[in-house]
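To convert, count from 1 in the sequence shown and add 642; that's our numbering. Glycine included, C-beta positions come from ideal geometry on N, C-alpha and C. Here's the structure we're looking at; comments come further down.
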Amino acid sequence: MAGQFPKPLIDTDSRPYWEGLERQELRIQQCDDCHRHIFYPRLLCPHCFSDHVSWTQASGRGQIYSFTVVHKAFGPFAEQAPFVVAIVELEEGVRMMTRIVGERETIQIGASVQVLYEKVEEDLVLPYFEVIRT
């Protein structure tokens with residue numbers, strides 16, 4: 643159906659992440675052994691290979707690491723173009739791909755951002771970010 647977002651595969655590894663977004667919490671993993679943060683959700687720490695990982699609430703703040711403006715999109719995203727896709731580095735040190743919303747002239751590499759929770763479908767909330775002025 644046109645306009646409908648593709649649904650993520652919610653498995654046992656990622657369920658706490660998606661459930662957190664429904665509650666407007668940005669949850670990421672942290673290794674209980676080396677204490678480094680982890681994103682995307684997984685069973686093993688990619689830093690020390692420990693299987694002792696737990697979930698924690700991220701601050702929701704970070705900086706734009708990289709971004710691009712999508713001028714031509716297809717499928718359910720076609721009518722949304724142009725939009726900004728970015729890699730955001732959270733304060734916790736992990737990077738995630740997301741959308742940046744708001745005034746485009748404020749978007750630049752290194753800009754401080756804050757998470758927003760966007761309900762894009764009845765059963766799907768996504769973390770978008772906006773530039774915060776300091």
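**Request:** Sort P724, R678 and G717 by Cα distance to R737 and report the nearest one.
**Result:** If you number the sequence shown from 1, residue 737 lands on position 95. The option with the nearest alpha carbon to R737 is R678.
**Prompt:** Where DSSP assigns a beta bridge to T710, which residues make up the other side?
**Reply:** Along the sequence shown, read from residue 1 onward, the residue named residue 710 stands at position 68. The partner list for T710 (beta bridge, DSSP) reads V727.
**Asked** If you count every other CB in all the chains shown that lies within 10 Å of the CB of C676, and 16 or more means buried, which is it?
**Response** Residue numbering aside, residue 676 sits at position 34 when the sequence shown is read from its first letter. Under the 10 Å beta carbon count, C676 is surrounded by fewer than 16 other beta carbons and is classified as exposed.
**Request:** Could you tell me the boundaries of the beta strand (DSSP E) in which L629 lies?
**Result:** Missing from the structure shown is residue 629; the chain here goes from 643 to 776 and no further.
**Request:** With E664 as the anchor, note down where its alpha helix (DSSP H) starts and where it stops.
**Result:** Residue numbering aside, residue 664 sits at position 22 when the sequence shown is read from its first letter. Per DSSP, E664 belongs to the alpha helix (DSSP H) from R657 to E664.
**Request:** Answer yes or no: do V767 and E664 have a C-beta to C-beta separation smaller than 8 Å?
**Result:** As a first step, residue 767 must be located in the sequence shown, where it is residue number 125. As a first step, residue 664 must be located in the sequence shown, where it is residue number 22. The answer is yes: Cβ separation under 8 Å.
**Residues that DSSP places opposite C687 in a beta bridge** = For the purposes of this step, residue 687 is taken as the residue at position 45 of the sequence shown. Per DSSP, none; premise fails for C687.
**Asked** Alpha carbon to alpha carbon, how far is M643 from V712?
**Response** For the purposes of this step, residue 643 is taken as the residue at position 1 of the sequence shown. For the purposes of this step, residue 712 is taken as the residue at position 70 of the sequence shown. Its pLDDT being 36, under 50, M643 is placed unreliably by the model, and nothing is read from it.
**Request:** Could you tell me if P650 is buried or exposed, where buried requires 16 or more neighbouring beta carbons within 10 angstroms of its beta carbon?
**Result:** Taking the sequence shown and counting its residues from 1, the one referred to as residue 650 is at position 8. Under this definition P650 is an exposed residue.
**Item:** S754 to T710 span [Cα, whole Å]
**Value:** To locate residue 754, count along the sequence shown from 1; it is residue 112. To locate residue 710, count along the sequence shown from 1; it is residue 68. Using only the alpha carbons, I get a separation of about 16 Å.
**Request:** Rank T740, A728, E661 and Y770 by C-alpha distance to the C-alpha of T698 and give the top, closest one.
**Result:** Residue 698 sits at position 56 when you count from the first residue of the sequence shown. Selection T740, A728, E661 and Y770 evaluated against T698 yields E661 as nearest (Cα-Cα).
**Three-state secondary structure assigned by DSSP to Q646** = Looking up residue 646 in the sequence shown gives position 4. Here Q646 sits in coil by DSSP.
**Asked** Roughly how many angstroms lie between the CA atoms of F681 and S708, to the nearest whole one?
**Response** Locating residue 681 in the sequence shown gives position 39, where the first residue counts as 1. Locating residue 708 in the sequence shown gives position 66, where the first residue counts as 1. When only Cα atoms are considered, F681 and S708 end up about 17 Å apart.
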